[in-house]
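Here the structure comes first, spelled out in C-alpha cells, and everything after it is commentary.
There are 2 protein chains.
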Amino acid sequence: MPDIGKLLSPKTVAVIGASSDRKGLRGRILEVMLSHPFAGTIYPVSRSAAKVQNRKAYSSVVALPEQADLAILIIPAEFVPEELERCGRNGVKAAVILSSGFAEEPGEAGLRMQAAIRATAQHYDMAVAGPNSEGFANIAAALCPTFSPAMDVTAGPLLPKRALGGEVSVISQSGGLGFAFFDRARGRNLKFRHIVTTGNEAFLETADFLDYMLDEGKTDVFLLLLEDIKTPAKFRNAADKALRLGKPLIVAKIGQTEPGRRAVASHTAALAGSHAAYRAIFQHHGVIEGHDFDEMIDLAAGFLSCGNKLPAGKRVAICTSSGGAGVWMADACVRAGLEVPELDAETRAAIDVHLPSYGTSQNPIDSTAQGVHKLGYAEFARLAAQSPLIDGVMTVVTARRSAFLEGDQPKLMALARDCHKPVFMWTYTLPSQRSVEILNETGYPLFINADSCARTMRAMADYRSLRERLLNSAAGDKPFAPDSPAARELLAASPDVLCEWQARPLLATYGIVGGEAGELARSADEAEVAARRFARPVALKVQSVDIPHKTEAGAVALHLNGADAVRAGYYGVMASARAYAPRALIDGVLVQPMAPGGREVILGVSRDPNWGPLLMVGLGGVLVEALGDVALSPVPIDDAAARAMLGRLKGAAILGPHRGAPAADTDALIELMVRLSHFAADHAEDVAEIDLNPVIVHAKGISLADALIIKSSRPAQERAAE
Amino acid sequence: MPDIGKLLSPKTVAVIGASSDRKGLRGRILEVMLSHPFAGTIYPVSRSAAKVQNRKAYSSVVALPEQADLAILIIPAEFVPEELERCGRNGVKAAVILSSGFAEEPGEAGLRMQAAIRATAQHYDMAVAGPNSEGFANIAAALCPTFSPAMDVTAGPLLPKRALGGEVSVISQSGGLGFAFFDRARGRNLKFRHIVTTGNEAFLETADFLDYMLDEGKTDVFLLLLEDIKTPAKFRNAADKALRLGKPLIVAKIGQTEPGRRAVASHTAALAGSHAAYRAIFQHHGVIEGHDFDEMIDLAAGFLSCGNKLPAGKRVAICTSSGGAGVWMADACVRAGLEVPELDAETRAAIDVHLPSYGTSQNPIDSTAQGVHKLGYAEFARLAAQSPLIDGVMTVVTARRSAFLEGDQPKLMALARDCHKPVFMWTYTLPSQRSVEILNETGYPLFINADSCARTMRAMADYRSLRERLLNSAAGDKPFAPDSPAARELLAASPDVLCEWQARPLLATYGIVGGEAGELARSADEAEVAARRFARPVALKVQSVDIPHKTEAGAVALHLNGADAVRAGYYGVMASARAYAPRALIDGVLVQPMAPGGREVILGVSRDPNWGPLLMVGLGGVLVEALGDVALSPVPIDDAAARAMLGRLKGAAILGPHRGAPAADTDALIELMVRLSHFAADHAEDVAEIDLNPVIVHAKGISLADALIIKSSRPAQERAAE
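Residue numbers (our numbering), protein chains in the order written: chain A, -15 to 706; chain B, -15 to 706.
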C-alpha cells in the first residue's frame, strides 16, 4: 500500500491542467487552492500558458524546479493514463484525478483506462485517488485541491474560532455530497480534519483512506458516504480497527432502494448490492447508519462532545423549563428506543427543593421557567445526572437569547468537566449564533431536532455496548469442537442439494441436532415399520432435490397415527409429489415423530455477492415473509452476537413467555445459531445456501423440523485449480 | 359559541396587570405589544401605577375611556375569576388569561377556578382563552399580546418581504412550542396569519379556534399542537370541515408515549389518551401527523406552494445534476413510499437531446452539471413533468450560490405558472439566503432535508386521494339494510358477555355471517348427534362467559372425525374448561364443522374513552400481537375506508396471492368490516367490546371462527335515566 500521507499532506503540489479561466473547473481549482494559506508550494502545470492566475506555469511535471509530492490531474480523460505514467516515472508519489469520463461513461473505454491507472499506481507505488473525484481538503494544512464551491474561501473559514473538541473526517465516493457534509456543518463549530472524495476508486478505496486516517490517529469521528464497496474484506478490517480504537464510523450507504441502485449503476460503474446485507455488516461492526446530513452531523457532534463519556445504558433524564417541550422530548426519546424512567426518591428530593408548586421532578423534570431562572440549566442537569437510574441527561433549553446561557456558563463548564454522564442540549426555539457558541465552547453540542438528539444518545449507548461486547468477545461461550474433516468429507460425497435426511448427518458434525432424525422410507411398508418403532404420531415428508418446497407441493403429511394413517399418508405424499413435479428424483419419504409444539423460527445461510455467507434468523410463519422481519449477520458469530440478532427482530417478544406458555429456550437457539454460523464460515466456499425452516424452539431444547443444504455449483477443488 | 373574532381581531385591548418592569412577564407582554404597529388601542390597567411604560394606566377595566373588546389578564390566579366577572359585567366580549396556577397545579383549587371561568364565559357570552396560555399573535393586525421572546420585534419582522403564497396559522396548547413554530419558520418566507396558544382550555378549545379560522377563510394550512382534546366531537367536526374545504391540518400530538403521557398529565390537567386511537382519528379525517418542527414547516410550505396542484399519485421524477445527490433523493423517495418509475421512451427522447454522454434520462434523470448549465433546472423539470408516468417532480439543486438560480428565474416562474404538477426543490448544499428568496418568491419551497421533502410530496398525494375519497364517499357501496330493532331486542335480552353461539344471531341482524353457525351441545350425546349431522370433521369450543380465551384454557378441540373422537373431544374440552376455571358457568360446547383454510384475520371493536367505538383489524396469528400490526378506525366506515385500513397493515401482502394459493377474498372482508362498523356505531352505547378472532378469509367468502361480544356494564336505559 503506497503512502497516502504523500497525497493528503504533501509539501509540493503540481496542478496539471491549471487554467486562468476562473469560470471553468480547471481555473476554479487553482483559485480555491490559492485562496487558502497552504504552507507548501503550488505549481500550475499548463501545456499552453506561461502564466496561470499570475503565477509562473510549467509546461510539464518534468519541468518543475523541485520534485512534486502530489499531482492534481484535471485534463481530458484520454490524456490521463499517459500523464499519470509521466508523473510516476518522475518520482511523483501521489495523484488525484479529477477528470471525468471513465467507468461512469457507457462502454468499455473508461474501464480500460481505469485499469491502466491502477497498473501505473501499482508499478510506481503511487497513492492515486479518483478518477471522477472532486478532490479533497486537508483542513489543518489549509490545502484544498477541489473545485467544490463549499471550499471557496468566500463560503467561510475552514476552522471555527472555538471548536467543540475532537476532529471529524469525511470520506465520500460522491464529490458533491462529500463537501456538502462540511458545508452543512458550518455554524456547528466542528473541527474537520480531512474531506476526501474518492470518485470511481480505480485504485485507492474508501477503506484505504479510512485505514490511513485511523493510523494517523488525528480523527475522532468519521463521516462516510458509500455507493458501493470495492473490496469488502478491506472495509471490514478497517471497520473492525475503528471499533477497537473507539473511533465511530457514521455511514450513509446510498443506493438502498431499487431506483437508487439503478441510479448508482448508471452514474458510476458501482453495483450497490443488497442493503440488508450492508446493514448486517454495519451492525456487526458497530458502524452507525445515517440517512440525512443533519442527522449525521448531529451524531458526529454527539460523539465528539462526549469523547469517552458514552452512556452506560439507555436511561435518560429530561430537564425542561417548558412542560410541552419536555413532553415533546420524552416522546422523541421513547421513539429512539431510550427509556425515561421515573426518578428515585433521593434524586427527586434533591430536585424538589428547587421547584415551584407547579413543577415536577418525576422525569421529565419540569423545573418551570421560574425554577430554571433561579438555579440555571447546569444545576438541574447535575442533580439529574446523580441519579443511579440515569445514564444520560437531555436538557431542554430555549436558546433564542444568549444572556441566560452566558450567566450559566461557569456552571455548565464545571458540569462538563465533572459529570461522567453525557449531557445534551436541545433548543425548541431558533438559537442565536452566540448561544450556539457558548454551548459548543463549553463542550455541549446544541441540537435543534429532538428526534435527532434522542437518536444520537441512543446510538452512543449502542456503540458503547457493542464495543464492550467486542472487546470481551466470546469470553463466556461454551467451547465446541466441530468435526470439520468429517463435514468436508460428507459434503464432498453429497449431491448438489441435500434434503433433510442427508443434511442432518452433515450438520451433526457441528453439533447441530434437534428432535429425532427419523428414517427414510422407500415404501409404505417401510414407512409403517418406522412409524411403529416411534410409537407416536409421525410426520411424513417427501425427500427430493427437485422439491425444495414440500409444503407447497402438498408432499408433507402431519399428525399421522396408526398403520392405516401412515400407509395412506405415504401414498398421498408420493402422489402429491409426483403430481407437483412429475420428473422429480425422489429419494423416499422421511418418517419422523411429530415434534412437540413451540415457537417457530427460520434459520438460514445465504451467500451475498459482496459479503459472502450471511446467517439469517426470523420468526416463523407466513407473516415473517410479508413483514420481512429477519436479522442478518456475517459469520461466524459468538453467543452475544447471536443474542443481539434476536434482539433486532421486531417480533422478538414471542420468544418470551406468551399466553401462559413459558419462554422459549433462547439459549438453545443461540447455541444453534453460533454452531450454524461456524459451519457456514468453515465451508463458505462449498455451501451456497442452508435452510432450517422451521426450527421449533421448545421451552427446553429445539427441534429441526426441516433442513436443506444447497452446495455451491462449482466445488472448491475446481475453483482452486483455476 | 361566542365571537372569537372579538378575541383575535379586537379594536381596543386592555392589559390587566400591566407593569413597567420589562424583566417580568407583566412588563414583557406590554413591551412586545407596543413594539408592533397595531392599529387599535392598547390600555394598560394597573391597580398600583398611574403610568405604565410611559402610558397612562387605568385602575380598572371599568375606568377605561371606551369599551374594551379584549382583556388580557396577567394577574395572580386567585384574582382571575373575580376580574373576569368584572370584565363580563362591563361588556368586554373576549379575554385571554395568561396567568398560571390553575389545573396544572396539584389540588382541586385550580380546577374549581377553571369551572368558574367557564361559567363566567358562558354567562356573558365571552370568548375566553386560557388560563396558563402564552397569548396569541394576529400577524396581519400586528397584534401580539404575548410575552413570547419569539414575537419580540428584535427577533425579526412579522411578515417576510415576499411570501411563498397562502397563509398558515398555528393553534397550540403549549405556549412555548406554539410560538416556536413561528420562530423556527423564519427564513422560510411563510406568511403566518394567527398563532394562538390555548393553555388549559377552561373554555375555548383548539377546535373552537380551528372552526372560527375555517369560517374566517383566510388560513390555507394549519399547524396544530395537541396535548389532549377536550371535546372529541368538536374536533372531529372541525377536522371534517377542514378536509372538505381542502385546508390541511398538520398536527403534532404530544404525549404519545408512556413518559410523555405522564408528563402531560403532570404539567396540565390533560389526559393524553391512547396514541393509536388518535392516529386512527387523524387518518380517518386526513389529518397529517408530524413529529418535528422542521418536518411540519416543510409540510406547510409544500401545501402552501402547491395550492390545488396536489399530486394525483405517488410517482415522481427526480432531476439532478449530481449523481450521488440523485441517488440520495431516490432512496428518500422510496423510503417515503413514493415511486420512482423509469420514464417512458418519448419523455426520455425529449430529455436525451440535452444530456452529455455520461448523463441519463432513466429516472433519476442525471443531467450532470454540464446539462443543467446549458438548459437550467426549470427546463429539465418541465420535460420530466410532461411524462404521463409522473405525478410530481423533485429537482435536486445546489443553492449555495444564487447566480445560476437568478438566471433560471424567468423559466422557473413560467414553469410554476404553467405546470399542473407539483415541482419541489431540494438543495444538498447549504443555501444562501438569496437562493431561498429567489425560489420562494417564484413559488417553490426549498427543502434542505431530502426525507422531509419526499414525505411532504407523499403527504400531499395521500391528502388528495383521501379528500377525493371523502367527497365521493360511499358512492359505490352495496346498500345494506340492517335490522337494528331486532339487534336492539336481542342485545337487551342477552347476558353481559355473549359467547359465539349467542353473538352469531345478533351479528346476523347486520348481515355479519360466515361459515356455519354450529350447534350448542350440552352433553357428549348431543355433540355426537350434531357432528353426525354435519358429516365432516368438526371443532368443539366451550361456551362460557367466564372463559373468553378458550385456546389458552385448552377448551377447544379441532379436526374431530367420527363419533369416538367427538365424544372424547367433548369430555376433554369440558375437563380442560373445568380445570382452568372451576367455577365457570358453562353454557355448553359449540359443535361446528371445521372451516376450510384461508388467511386468518382479527377483527374487533373496542371503546376508546375519548373517541368511542373503534374498529380494529389485524392479520391473524400470534405474531400480530408481538408486532402490533393492526389498523384502527372510528365507526362507521365505508368500503373505501375499510380498504384503506387494510392498506395500512404492514403485512397486508399476505392477503394477496401467496405460495401458489389465490388471493384472499378481500371484498368479503371489507363488506364484513363495513357491516361490523355500522353495528358498532348503531349500538355504541350498549356494546363495550367485540372480538371476531379469527376470521378466516377464503379465496371466496369468509368464516367466523369465533365471536365474542361484551356489553357495556351499564345499559343505555340506566344511563339515560341519570
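Ideal Cβ positions, reconstructed from N, Cα and C, are used throughout, including at glycine. Keep in mind it's a predicted model, so treat the numbers as computed, not measured.
Contact belief for residue i with residue j at Cβ below 8 Å, rounded distance in angstroms
i: glutamate 151 (chain A); j: phenylalanine 176 (chain A); result: 7 Å
i: isoleucine 714 (chain A); j: isoleucine 686 (chain A); result: Nothing in the structure corresponds to residue 714 (chain A), since chain A is present only between -15 and 706.
i: valine 248 (chain A); j: valine 311 (chain B); result: 5 Å
i: glycine 119 (chain B); j: threonine 203 (chain B); result: That belief does not hold up - the Cβ atoms of glycine 119 (chain B) and threonine 203 (chain B) are roughly 18 Å apart, past 8 Å.
i: serine 83 (chain A); j: leucine 57 (chain A); result: 6 Å
i: phenylalanine 22 (chain B); j: alanine 126 (chain B); result: 5 Å
Simplified DSSP state of residue i, which is helix, strand or coil
i: leucine 734 (chain A); result: Residue 734 (chain A) lies beyond the range of chain A shown here (-15 to 706); nothing can be said about it.
i: tryptophan 595 (chain A); result: coil
i: histidine 543 (chain A); result: strand
i: arginine 170 (chain B); result: coil
i: serine 468 (chain A); result: helix
i: asparagine 184 (chain A); result: coil
i: arginine 451 (chain B); result: helix
i: isoleucine 433 (chain B); result: Here the sequence assigns asparagine to residue 433 (chain B), which means isoleucine is not the residue at that position. Note: asparagine 433 (chain B) maps to coil in three-state DSSP.
i: leucine 784 (chain A); result: Shown here, chain A extends from -15 to 706; a query on residue 784 (chain A) therefore has no answer.
i: leucine -8 (chain A); result: helix
i: arginine 332 (chain B); result: helix
i: histidine 682 (chain A); result: coil
i: valine 589 (chain A); result: strand
i: lysine 462 (chain A); result: coil
i: proline 6 (chain A); result: As written in the sequence, residue 6 (chain A) is arginine, which differs from the proline given in the question. DSSP places arginine 6 (chain A) in coil when its eight states are reduced to three.
CA-to-CA distance, residue j to residue i, given in whole angstroms
i: cysteine 317 (chain A); j: valine 658 (chain B); result: 38 Å
i: leucine 430 (chain A); j: tyrosine 361 (chain A); result: 13 Å
i: alanine 519 (chain A); j: methionine 578 (chain A); result: 11 Å
i: proline 115 (chain B); j: aspartate 192 (chain B); result: 16 Å
i: tyrosine 262 (chain B); j: glutamate 273 (chain B); result: 10 Å
i: leucine 288 (chain A); j: phenylalanine 266 (chain B); result: 40 Å
i: glutamine 106 (chain B); j: valine 137 (chain B); result: 35 Å
i: glutamate 689 (chain A); j: valine 585 (chain A); result: Correcting the residue type first, residue 689 (chain A) is alanine in the shown sequence and not glutamate. Roughly 10 Å between the two C-alpha positions.
i: valine 671 (chain B); j: lysine 214 (chain B); result: 23 Å
i: valine 550 (chain B); j: alanine 514 (chain B); result: 10 Å
i: phenylalanine 131 (chain B); j: alanine 217 (chain B); result: 32 Å
i: alanine 565 (chain B); j: isoleucine 531 (chain B); result: 7 Å
i: methionine 97 (chain A); j: glycine 239 (chain B); result: 59 Å
i: asparagine 677 (chain B); j: proline 580 (chain B); result: 15 Å
i: glutamate 211 (chain A); j: arginine 245 (chain A); result: 9 Å
i: histidine 275 (chain A); j: leucine 208 (chain A); result: 11 Å
Against chain B: residues of the segment 76 to 92 of chain A by CB proximity under 8 Å:
Answer in chain order: Ser84, Gly85, Glu88, Glu89, Pro90.
Beta strand (DSSP E) segments (min. 3 residues) lying fully within the segment 53 to 135 of chain B:
Counting only runs of 3 or more, we get 54 to 57, 78 to 81, 111 to 113, 120 to 122.
For the segment 516 to 550 of chain A, which residues have a beta carbon sitting closer than 7 Å to at least one beta carbon of chain B?
Answer set for the segment 516 to 550 of chain A: Glu536.
Those runs of the alpha helix (DSSP H) which lie wholly inside the segment 336 to 413 of chain A and span at least 4 residues
Correct list: 352 to 359, 361 to 369, 387 to 402.
List, from N- to C-terminal side, the beta strand (DSSP E) runs of 3 residues or more that fit wholly inside the segment 203 to 255 of chain B.
For the segment 203 to 255 of chain B, whole beta strand (DSSP E) runs of length 3 or above, ordered along the chain, are 205 to 210, 233 to 237.
Could you give the uninterrupted runs of the alpha helix (DSSP H) lying entirely in the segment 525 to 577 of chain A, keeping only those of 4 residues or more?
For the segment 525 to 577 of chain A, whole alpha helix (DSSP H) runs of length 4 or above, ordered along the chain, are 547 to 564.
Quick check on the DSSP output: what are the complete alpha helix (DSSP H) runs of length 4 or more inside the segment 494 to 529 of chain B, in order along the chain?
List check, alpha helix (DSSP H) in window: 508 to 518.
Any C-beta of chain B within less than 8 Å: which residues of the segment 225 to 244 of chain A qualify?
Across the segment 225 to 244 of chain A, CB contacts with chain B closer than 8 Å involve Ala236, Ile238, Gly239, Gln240, Thr241, Glu242, Pro243, Gly244, in sequence order along the chain.
Using Cβ-Cβ distances below 9 Å, what residues of the segment 413 to 436 of chain B are close to chain A?
If the cut-off is 9 Å between Cβ atoms, the segment 413 to 436 of chain B has Thr413, Leu414, Ile432, Asn433, Ala434, Asp435, Ser436 near chain A.
Short-range partners of chain B found in the segment 634 to 668 of chain A, where Cβ spacing is below 8 Å
Correct list: Lys634, Gly635, Ala636, Ala637, Ile638, His642, Arg643, Gly644.
Contacting positions in the segment 266 to 295 of chain A - beta carbon closer than 7 Å to chain B:
Residues passing the 7 Å Cβ filter: His275, Asp276, Asp278.
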